[in-house]
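Colleague: Mapped onto numbering that gives the first Met the number 0, the consecutive letters of the sequence shown carry residue numbers 0 to 523.
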Amino acid sequence: MIFGKKTLAIVGGGSIATSVLRQLLDEIMKSDKRCITDVIVFDPNNKVGAGMAYQLDSPSNLLNTRAGTMSPIDDEPDHFVKWLKANPAKWESHFPKIHISEAAFLPRGLFGLYLDDLFLESVERLNSMDVSVQHVEIEIRGMRPTAAGYELQAGSLSYFADAVVLAIGNLHSGEWDHLVQESGYFNSPYPCTDLVNTISPTETVCILGTGLSAIDAVVSLADSGHRGKLIMASRGGRLPSVRGIHNSNYSPGKLSRDAIKDLLHSGNQSFSLTQLYTLLMEEIVAADGLPFDIDSILRPQTGPHRYLDIEVQDATSSNRAWQSVLYGLNESIDLIWHHLNDADKARFEKGFKSQWLAYRVSFPVDNALKLQELIHCDQLSVFGGTKRSWRDEASNSFATSIDDHRLGFRATLYSDSLVNGTGFTADAAKCKSKLVRQILDSGLAAPHPYGGIVVDFHSNELRTQAGTLLPNVYAVGALTAGTHFWTNAMNVNARLAHQVVKNLTQRADREPRSSFLTRLPQAA
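(1) What is the DSSP secondary structure of H239, reduced to helix, strand or coil?
(2) Nearest to R256 by alpha carbon, out of W336, I452, D37 and I198?
(3) When the Cα atoms are used, what is the spatial distance from W389 to I214?
(4) Could you name each continuous alpha helix (DSSP H) segment of 4 residues or more that falls completely within the stretch 10–42, going from the start of the chain to the end?
(5) Would you kindly work out how many angstroms separate the C-alpha atoms of D308 and S316, rounded to a whole number?
(6) Would you mind giving the Cβ-Cβ distance between S269 and H338, rounded to the nearest angstrom? I have them listed as a contact below 8 Å.
(7) Using the Cα positions of I283 and H457, report the straight-line distance between them to the nearest angstrom.
(8) Answer yes if the stretch 432–442 comes into contact with the stretch 206–220, meaning at least three C-beta pairs across the two stretches below 8 Å, and no otherwise.
(9) What do you get for R65, buried or exposed, if any count of 16 or more other CB atoms within 10 angstroms of its CB means buried?
(10) For W389, does the three-state DSSP call read helix, strand or coil?
(11) Near N186, what residues of its chain come up, given a Cβ to Cβ distance below 7 Å and the 5 sequence neighbours on each side ignored?
(12) For L263 versus L278, is the C-beta spacing smaller than 7 Å?
(13) Please determine, among L334, V364 and N60, the residue with the shortest C-alpha to C-alpha distance to L495.
(14) With 16 other CB atoms within 10 Å as the buried threshold, where does H293 fall?
(15) Put R506 into one of helix, strand or coil per three-state DSSP.
(16) Once the 5 residues before and after V19 are set aside, which same chain residues still bring their CB inside 8 Å of it?
(17) How is I139 classed by DSSP in three states: helix, strand or coil?
(18) Beta carbon of Q371, beta carbon of V311: below 7 Å?
(19) I want to know whether the stretch 472–486 touches the stretch 443–458 - three or more CB-CB distances under 8 Å.
(20) Leaving aside the five residues before and after A427 along the sequence, list all residues of the same chain whose C-beta is less than 6 Å from its C-beta, in chain order.
(21) Determine the contact status of T203 and S414, defining contact as a CB-CB distance below 7 Å.
(22) Taking only runs of the beta strand (DSSP E) that begin and end inside the stretch 36–79, which ones reach a length of at least 3 residues, in chain order?
(23) Could you compute how far the alpha carbon of H245 sits from the alpha carbon of R319?
(24) Keeping to the same chain, check which residues put their C-beta closer than 7 Å to that of F118; ignore five residues upstream and five downstream.
(25) I want to check one thing, is the minimum distance from the CB of G442 to the heavy atoms of the ligand FAD below 6 Å?
(26) Any idea which residues DSSP pairs I401 with across the strands?
(27) Ends of the alpha helix (DSSP H) at Q437?
(28) Any idea if G108 is buried or exposed, counting beta-carbon neighbours within 10 angstroms, 16 or more meaning buried?
(29) What do you reckon, are the CB atoms on P363 and R506 nearer than 7 Å?
(30) When you compare each of S92, G168 and H483 to N329 by their alpha carbons, which one comes out closest?
(31) With distances taken Cα to Cα, identify the nearest neighbour of G13 among K4, R409, K5 and N169.
(32) Between the C-alpha atoms of D73 and R405, what's the straight-line distance to the nearest angstrom?
(33) Taking the alpha-carbon positions, what's the G148 to P470 distance?
(34) Quick one: what's got a C-beta closer than 6 Å to S416's C-beta in the same chain, skipping five residues either side?
(35) Leaving out the 5 sequence neighbours to the left and right, which residues in its chain are closer than 7 Å to Q54 when beta-carbon positions are compared?
(36) Please list the terminal residues of the continuous alpha helix (DSSP H) segment that includes F347.
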């Protein structure tokens, strides 16, 4: 059954766009209603599906989530593993030594091959159902409402759509733009194969950051036979926790979505950090069956080298129930954040978020063992207190200043190459996306104090600076971090994308507006 023609624009061509497209296909198949008849995916890259995050790269760049729960389809968490087992010819030539299991931490590039294939399959199936899907290799730089929908602007060209999904991925920062033109500076570790092919194996390399991206850079260089000194430097100087190999999946009890709703129905309109901390400790005890001492994992006085030794030991010798609980919170963490009182949200952002990230974003033990070996042979050093980096003309090298107040230590580190592995910005007002800056400047979107832009918690529609909803314009992913808090996980974004798709198809079914993708004349 085909209703009036309606066009959906998806801005961005990575994992979230793939999630939206596949789940749109599923919704159309369930209802047998072609509520949306045209989809256009705007992305300047010539290939869409995996996006930059999961591009084909070094096999040592591992997912930090087990394969069995890594899926862009909300109600099919094991779809990735099923695809791997059913389609070995599509990936074995790239990753011939990979053992497939639901518990495995597989290469990011392998997940990217899956996303590429899922995108193409979704396009083919939608086309066969008379739903046109096109990829336009162009960067959308602006948007404005019209009487019948939205005009998307790309330089001298404009396009029209009834509904828009912003799936632009992580927000790139301009903090290091002063170094972009310098030879030997890499604004991102990815693809890590570029680092390996460009950096001399005897060079001293400083990697800014101590998180997952920085770890990928270090491991890729080490695996390629790099012999020079490697330095990791960040503000906190803290490596992530190491994912336990004996962990099992855990479904929350006291902090499940239903339990949170029950608490709210009992008269609580919001939670405090103290209440949530108590519930979290009770949850961990229930999962482990043993008393829990939080100091046993925080170790605030332990340096990064000793900390990694302890983490590797714990990750390989015991069931880390606390990690299973934290990962299990993906199902309800947005609801918890939504109902945390405003004062404690501010308190958490200022005093606890960096700690949360260090423990929640764990990395696989295989790469932890590689870092441990590099540290033990003194090829790798980890520093905190990073202040700034610049090109030092006198030494013809990069300089990074360290001021670690915790230890009273100051130094300037010199390196031949400098790799930016700090990740991305959460501040929409400081990101480099021209589209995000335009919708903020025009008032179509409002910056969220805790990251990204303001969206409605239930629908994911944008809220303007006047506080009104921007109908049929949705955002998923990092742009919604302030509203949903944890947008780093594939299964969280898949759930939010699924809700957006359901909203889209239901509204397209009801609303009388009719249109077709049209290139509009440029306004004078």
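C-beta: ideal position from N, C-alpha, C; glycine also.
Quantities reported herein were computed from a predicted structural model and do not represent experimental measurements.
Modeller: Working from what's here:
(1) The amino acid occupying residue 239 in the given sequence is Pro; His does not appear at that position. In the structure shown, P239 sits in coil (DSSP, three-state: anything other than H, G, I, E or B).
(2) Per the C-alpha coordinates, the member of W336, I452, D37 and I198 positioned closest to R256 is W336.
(3) For W389 and I214, the distance between alpha carbons rounds to 22 Å.
(4) For the stretch 10–42, whole alpha helix (DSSP H) runs of length 4 or above, ordered along the chain, are 14–30.
(5) A straight-line Cα-Cα distance of about 12 Å links D308 and S316.
(6) That belief holds up - the Cβ atoms of S269 and H338 are roughly 5 Å apart, short of 8 Å.
(7) Looking at the two C-alpha atoms, the distance is approximately 29 Å.
(8) No: the two stretches stay apart, fewer than three of their Cβ pairs being nearer than 8 Å.
(9) R65 comes out buried.
(10) In the three-state DSSP reduction, W389 falls in the strand class (E or B).
(11) Around N186, the same chain offers W175, V179 and N419 as residues with beta carbons nearer than 7 Å, after the five sequence neighbours per side are excluded.
(12) Remark: C-beta atoms of L263 and L278 do not approach each other more closely than 7 Å.
(13) Restricting attention to L334, V364 and N60, the CA atom closest to the CA of L495 is found in L334.
(14) Looking at the sequence provided, one finds Ile at residue 293 rather than His. With fewer than 16 Cβ atoms within 10 Å of its Cβ, I293 is classed as exposed.
(15) In the three-state reduction of the DSSP assignment, R506 falls in the helix class, which pools H, G and I.
(16) Correct list, in chain order: I9, V164, A166, V475, A496, V499 and V500.
(17) If DSSP states are grouped into helix, strand and coil, I139 belongs with coil.
(18) Contact flag set, yes.
(19) Because the criterion of three Cβ pairs below 8 Å is met, the stretch 472–486 and the stretch 443–458 touch.
(20) Apart from sequence neighbours up to five positions away, the residues of its chain that approach A427 with a beta-carbon distance below 6 Å are V435, P446, G451 and I452, ordered along the chain.
(21) Against a cut-off of 7 Å, the Cβ pair of S414 and T203 comes out as a contact.
(22) Those beta strand (DSSP E) runs which fall completely within the stretch 36–79 and span 3+ residues are 37–41.
(23) About 7 Å.
(24) Cβ neighbours of F118 beyond the five flanking positions: T17, L20, V47 and G48.
(25) In terms of ligand content, the structure shown is empty, and the ligand FAD therefore cannot be addressed.
(26) DSSP lists T385 and A410 as partners of I401.
(27) Here the alpha helix (DSSP H) through Q437 covers K433 to D440.
(28) G108 is buried by the Cβ-count criterion.
(29) Cβ atoms of P363 and R506: not closer than 7 Å.
(30) Taking only the C-alpha atoms, the option nearest N329 is H483.
(31) Nearest of K4, R409, K5 and N169 to G13, Cα basis: N169.
(32) In a straight line, the C-alpha of D73 is about 43 Å away from that of R405.
(33) Roughly 9 Å between the two C-alpha positions.
(34) Cβ neighbours of S416 beyond the five flanking positions: G183, I198, E202 and V204.
(35) The answer, listed in chain order, is G108, G111, Y189 and P190.
(36) Going by DSSP, F347 is part of the alpha helix (DSSP H) stretching over D341 to G350.
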